[in-house]
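Heads up: the structure comes next, in structure tokens.
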Amino acid sequence: MARLVTTKLRFSEEAYRELRLKAERRGVSLATLVREAVDQYLGRGDAGRGLVLGGDPADRIIGAVIGTADDESVHHDHYLYRWPKKTAAPRAGRLSSGRR
């Protein structure tokens, strides 16, 4: 790893809060987040890193469930929206929310 140099940066209160929140959601330090942003700005970032997380509130649940797909993969509308569980496979050509 390259030798790190300490510096002092100033951010607006709003930007600082947003940076801390993004760092917390990713589970990294603020310094790491800023270093990654600078590397990306300089063209040294990981282009193939994948999805950028943090903008969507649902990003907080990524990785929260460990295991295999089961009932929740079929009856997700029941668990998310309290719609009745589907008892039979829907017929082709019909879209249904499960509500009446």
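The sequence shown begins at 908 in this note's numbering and counts up one residue at a time.
The beta-carbon is built from N, C-alpha and C at its ideal position, and this holds for glycine as well.
Report all residues from its chain with a CB closer than 8 angstroms to the CB of Arg967; omit the five preceding and five following residues, and keep chain order.
Arg932
Sort Ala944, Ala965 and Ala938 by Cα distance to Thr914 and report the nearest one.
Ala938
Three-state class that DSSP yields for Ser919 in the structure shown:
coil
What separation, rounded to the nearest whole angstrom, lies between the Cα atoms of Arg917 and His985?
47 angstroms
Output yes or no for whether 9 angstroms exceeds the beta carbon distance between Leu928 and Val941.
no
Anticipated Cβ contact below 8 angstroms, Ala930 with Ser936, distance rounded
Yes, Ala930 and Ser936 are in contact; Cβ-Cβ is about 6 angstroms, under 8 angstroms.
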